[in-house]
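One structure is given here, and the rest of the page talks about it.
Here is the structure:
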């Protein structure tokens, strides 16, 4: 019996595994927010979460009664303004999933930033600092009372390439950063746009 089909299958699987590993590594163009060992503790109306950055795309998430570690995926095209990191929590299970996003959002004005914040705000209820660090968190109740699915987002807004100094409705006490610093300036890396930056029809008003 020929071993060629088995060999082809093994090479295909190995190639897929290598591709997945590469996607979960920082790339030169990745617009991440956190640096290794940085810790962010943030609170919004849905709860408090601590995010700790490991090497590369590793992130540890912890809230009241739960914790999860992920190796996030580096985006290769810009999606809703982000060329950062994400994990879609691909799974058929409705229980215990964690969807994660992290990235830099480049805007040309405070108004544009506030209209971007408005999109999805009823669900994620973002809180943010005057310097543009944004935290969103939501919890979706699972069927029959099982472990819920959670969504955690961490963004850094830049206005014309710089962190802002004042945003309407900001709460600097809601987000604490330790063991590291966030880049004061950033220019968007030129890549293909998979999905344009979403903007609401009004500016976000913080809860």
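In the working numbering, the protein residues as written are 38 to 244. All residues carry an ideal CB built from backbone N, CA and C; glycine is no exception. None of the values given here were measured: they were computed from a predicted structure.
Might you give, ordered along the chain, the residues of its own chain that have their beta carbon closer than 8 Å to the beta carbon of residue 245, omitting 5 neighbours on each side? Here the chain has residues from 38 to 244 only, and residue 245 is not among them.
Spell out the partners DSSP gives residue 170 in its beta bridges. Counted from its first residue, the chain shown places residue 170 at position 133. Looking at the DSSP assignment, residue 170 forms a beta bridge with 193.
If you check the beta carbons only, do residue 100 and residue 77 fall under 9 Å apart? Stepping through the chain shown from its first residue, residue 100 is reached at position 63. Stepping through the chain shown from its first residue, residue 77 is reached at position 40. Taking 9 Å as the Cβ cut-off, residue 100 and residue 77 do not qualify as a contacting pair.
By Cβ distance, which residues of its chain are closer than 6 Å to residue 126, with the 5 residues on each side in sequence left out? One-based indexing of the chain shown puts residue 126 at position 89. The residues are 134, 135, 136.
Assuming residue 223 and residue 68 form a contact by the criterion Cβ under 8 Å, report the distance between their Cβ atoms to the nearest whole angstrom. Position 186 of the chain shown holds residue 223. Position 31 of the chain shown holds residue 68. The Cβ separation is near 7 Å, so the contact holds.
Which complete beta strand (DSSP E) runs does the region 57-130 hold, if anything under 3 residues is left out? 76-81, 84-90, 95-100, 103-108, 122-124
Helix, strand or coil for residue 214, going by three-state DSSP, please let me know. Here residue 214 is taken as the residue at index 177 of the chain shown, counted from 1. Here residue 214 sits in strand by DSSP.
Are the region 171-184 and the region 220-234 touching, with three or more C-beta to C-beta distances below 8 Å? no
Starting from the Cα of residue 109, find the closest Cα among 158, 196, 120 and give me that residue. Sequence index remark: in the chain shown, residue 109 carries index 72 (1-based). Answer by Cα proximity: 120.
Once you ignore the five residues that flank residue 105 on each side, which residues in its own chain have a CB closer than 7 Å to its CB? Residue mapping note: residue 105 aligns to position 68 of the chain shown, counting from 1. Closer than 7 Å at Cβ, skipping near neighbours: 98, 135.
Tell me the DSSP bridge mates of residue 228? Taking the chain shown and counting its residues from 1, one reaches residue 228 at position 191. Paired residues: none, contrary to the question.
DSSP three-state call for residue 137: helix, strand or coil? Taking the first residue of the chain shown as position 1, residue 137 is located at position 100. Strand.
Name the residue from 160, 164, 62, 149 whose alpha carbon lies nearest to the alpha carbon of residue 192. As a position in the chain shown, residue 192 is number 155, starting the count at 1. Answer by Cα proximity: 164.
Do you know how far the Cα of residue 113 is from the Cα of residue 208? Against the chain shown, residue 208 aligns to sequence position 171. Against the chain shown, residue 113 aligns to sequence position 76. Taking the straight line from one Cα to the other gives about 32 Å.
Please classify residue 139 as buried or exposed, where buried requires at least 16 neighbouring CB atoms within 10 angstroms. One-based indexing of the chain shown puts residue 139 at position 102. Classification for residue 139: buried.
Distance check for residue 116 and residue 157, CA to CA, integer angstroms please. The residue labelled residue 157 in the question sits at position 120 within the chain shown. The residue labelled residue 116 in the question sits at position 79 within the chain shown. So the two alpha carbons sit approximately 15 Å from each other.
Closest to residue 128 by C-alpha separation, out of 118, 186, 181, 159, would be which residue? Taking the first residue of the chain shown as position 1, residue 128 is located at position 91. The shortest C-alpha separation from residue 128 is found at 186.
Could you spell out the range, first to last residue, of the alpha helix (DSSP H) harbouring residue 154? Counted from its first residue, the chain shown places residue 154 at position 117. Looking at the DSSP string, the run of the alpha helix (DSSP H) that includes residue 154 is 147-155.
When the distance is taken between beta carbons, is residue 162 closer than 9 Å to residue 169? The residue labelled residue 169 in the question sits at position 132 within the chain shown. The residue labelled residue 162 in the question sits at position 125 within the chain shown. No, they are not a contact pair.
What is the rounded straight-line gap between the Cα of residue 249 and the Cα of residue 145? Look at the range of the chain in this structure, 38 to 244, and you will see that residue 249 is not part of it.
Which residues DSSP lists as bridging residue 142, in chain order: Position 105 of the chain shown, counting from 1, holds the residue named residue 142. DSSP lists 194 as partners of residue 142.
Can you have a look at residue 215 and say buried or exposed, based on whether 16 or more other CB atoms are within 10 angstroms of its CB? For the purposes of this step, residue 215 is taken as residue 178 along the chain shown, with counting starting at 1. Counting Cβ neighbours within 10 Å, residue 215 comes out exposed, since fewer than 16 surround it.
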